[in-house]
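Presented below is the structure to which this report refers.
Numbering (my numbering), first residue to last: 41 to 247.
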């Protein structure tokens, strides 16, 4: 009954496959939220999403061990949504950065400061679009919209970004060690620049 109400609240047409999908997702709220978002954006029937989910799940864990610190159903629904969201320029990089910041509140102005930072050699060699995207209001809005549409993040009216902690965990796990380290370094540099505080420099003290 709760699963049925969940789908109805998201204005998904009632069909038998939704009950099967909820069961295969383990009735996990985040997995169901991401599944619902995908079906809404893509206007995809539940039967088709169920097939995509099963194929993605089987493909993801065919050669990898299932994660131990989060459900593999969440990793699967995350992967399905992320593969589509990342088609928007800068969306993948934006999510990568947010995964190493406070999930309970990331000011949009903080994100925009990325353009002023020196990038690591690893990021310079990769397809790094975040500089260009954060400097362009339209591109930044489109990247954020793509991530919101697939329930990979949320935004308050003032633009503040929040993420589910499991989204952060899955994203960090899927990006690999070297890439994760590069994004950690960028996040640390960003926080140092924006919230710099030197106890020996009175000009940085709060009033």
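C-beta: ideal position from N, C-alpha, C; glycine also.
Cβ-based neighbour list, residue 81, same chain, cut-off 8 Å, excluding 5 preceding and 5 following: 124, 189 and 190
Straight-line Cα distance separating residue 161 from residue 214: 21 Å
For residue 83, the three-state DSSP class (helix, strand or coil): coil
Close beta carbons around residue 55, own chain, < 6 Å, minus the five adjacent residues each side: 86
Identified DSSP bridge partners for residue 195: 201
Closest by C-alpha distance to residue 210, when choosing among 226, 110 and 84: 110
Local conformation of residue 244 per DSSP, three classes: For residue 244, the pLDDT reaches just 47, beneath the cut-off of 50, and the residue's location in the model is therefore unreliable, leaving the point undetermined.
Euclidean distance between Cα positions of residue 42 and residue 66: 13 Å
Proximal residues to residue 241 (C-beta, below 8 Å), its chain only, five neighbours per side dropped: Low local confidence applies: a pLDDT of 49 at residue 241 is under 50, so the model's placement there is unreliable, and no value is given.
Cα-Cα separation between residue 104 and residue 112, rounded to whole angstroms: 11 Å
C-alpha gap between residue 25 and residue 233, whole angstroms: Nothing can be reported for residue 25, as the shown portion of the chain is limited to 41 through 247.
Proximal residues to residue 71 (C-beta, below 6 Å), its chain only, five neighbours per side dropped: 65, 113, 114 and 117
Residue closest to residue 174, alpha-carbon to alpha-carbon, out of 98, 133, 236 and 102: 133
Sub-9 Å separation of residue 102 and residue 89 beta-carbons: no
Per-residue DSSP class, three states only, for residue 239: Reliability fails at residue 239, whose pLDDT of 45 lies under 50, so the model's placement of it is uncertain and no value is given.
Rounded separation between residue 247 and residue 147 - CA only: Confidence at residue 247 is low in this model, with a pLDDT of 38, below 50, so its placement is unreliable and the value that follows should be read with caution. Roughly 21 Å separates the two Cα atoms.
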